[in-house]
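Notes for the one structure printed next.
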Amino acid sequence: MPSRKKSAMFASAFLTCVGSFVIICVALATQNWISSNVHFSGTSSNATVTVTYGLFSGTCRQYVDAGLMFPEENFQVAAKLGNTKAKGTITAIIVILILGLLTSLLSSGFTCTNAVSNPYQTFLGPIGVYTWNSLCGIFILIAMILFPVNIEENGLSTELARGCYSLPTHVKSEHTYGYSYWIMLLIIFLNIASIIIIYFYDHARYSKKKEQERPIENAPKDVILF
Numbered sequence: 001m002p003s004r005k006k007s008a009m010f011a012s013a014f015l016t017c018v019g020s021f022v023i024i025c026v027a028l029a030t031q032n033w034i035s036s037n038v039h040f041s042g043t044s045s046n047a048t049v050t051v052t053y054g055l056f057s058g059t060c061r062q063y064v065d066a067g068l069m070f071p072e073e074n075f076q077v078a079a080k081l082g083n084t085k086a087k088g089t090i091t092a093i094i095v096i097l098i099l100g101l102l103t104s105l106l107s108s109g110f111t112c113t114n115a116v117s118n119p120y121q122t123f124l125g126p127i128g129v130y131t132w133n134s135l136c137g138i139f140i141l142i143a144m145i146l147f148p149v150n151i152e153e154n155g156l157s158t159e160l161a162r163g164c165y166s167l168p169t170h171v172k173s174e175h176t177y178g179y180s181y182w183i184m185l186l187i188i189f190l191n192i193a194s195i196i197i198i199y200f201y202d203h204a205r206y207s208k209k210k211e212q213e214r215p216i217e218n219a220p221k222d223v224i225l226f
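In terms of the UniProt record's numbering, the sequence shown is numbered consecutively and its last residue is 226.
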C-alpha cells in the first residue's frame, strides 16, 4: 500500500486530471467558441451576418441596413463549409482534442492507480503522469493555435455566413472568442498543476532515498572512528 503522503498527492493530481477531462468534453460539446459579425456590401443595401459556432454546430442571423432582421437559423458547421482547407482544419482540431481527451483519461488512470497502489512498472509512476499531461497540454495548445488560424487565414466565419445566406461582396469581419475557446487555457493550467504536484512528490522521494543511501555521512564522528 502507498504511504499517506503519496496517496494524498496523487489523489490531488487525479482531481486535476479529471477536471481537465471534463473541460475538454465541455469544449467539444458547446458552440460558443466564437461569435463573428461578418459585413457584406451590395448595390442597394448592406448586410451583417452574426454567426456563433463551435466545432460541430452554430447559429446565424442576418441584419439588413433597412432594419430588416431575419430569423435565427441553426446549422451544422461541416454542412455549410465549401472550403476544403477550412473543413480539413476543423476536422484536425476535433481529432487533436479527442487525442487530448484520451491522454487526459490515461493521466487520470495513472494518478488513480498510484493513489491506491505501488505499481512495479516505472512508466506507470510519475514518468507516465508527466508524459500524458505534457501530451495533453501540447494537444490543447495546438488546437488553440489552429482555430484562430482557420478564422483569419481560411475565412471560416465568412464561409459559414455565405453558407447560411446568399450574400454580396464581403467587406470585413469582427470576431469575439467565447468561453468554449478560452476555457482550454484552464486545461493547460490543470495539466501544469498535475505535473507540479507529482514533481514535488517525486523530488521529496528522491531526496529521502539519497539520504538513506548515505547514512554514514550523517553519522557522528565518534561512531565513524569507532
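Beta carbons: idealized from backbone N, C-alpha and C, even for Gly.
Model, not experiment: these values are computed from the prediction.
Query, Result
"Contact under 8 Å by Cβ, Ile96 with Ile142", "yes"
"Through-space distance from Phe21 to Gly109, alpha-carbon basis", "11 Å"
"Inter-stretch contact at 8 Å, needing at least 3 Cβ pairs: the segment 143-161 / the segment 83-103", "yes"
"Segment contact, 8 Å Cβ cut-off, at least three pairs: the segment 176-195 with the segment 7-20", "yes"
"Thr122 - DSSP class collapsed to helix/strand/coil", "helix"
"Residue span of the beta strand (DSSP E) that contains Glu73, given as start and end", "73-76"
"Three-state secondary structure assigned by DSSP to Asn114", "helix"
"Segment limits, beta strand (DSSP E) that includes Gly58", "57-64"
"Status (buried if at least 16 other CB within 10 Å, exposed otherwise) for Ala62", "In the sequence under discussion, the amino acid at residue 62 is Gln, which differs from the Ala named in the question. Buried."
"Element boundaries [alpha helix (DSSP H), containing Ser7]", "4-29"
"Bounding residues of the beta strand (DSSP E) (the contiguous stretch that carries Ser36)", "34-41"
"CB contact flag (Val77, Gly100, <8 Å)", "no"
"Enclosing beta strand (DSSP E) for Ser173 [first to last residue]", "169-177"
"Beta-bridge partners of Met69, as assigned by DSSP", "Tyr63"
"CB contact flag (Ala13, Ser194, <8 Å)", "yes"
"Buried versus exposed, by CB contacts within 10 Å (16 or more), Lys80", "buried"
"Asn46: first and last residue of the uninterrupted beta strand (DSSP E) it sits in", "46-53"
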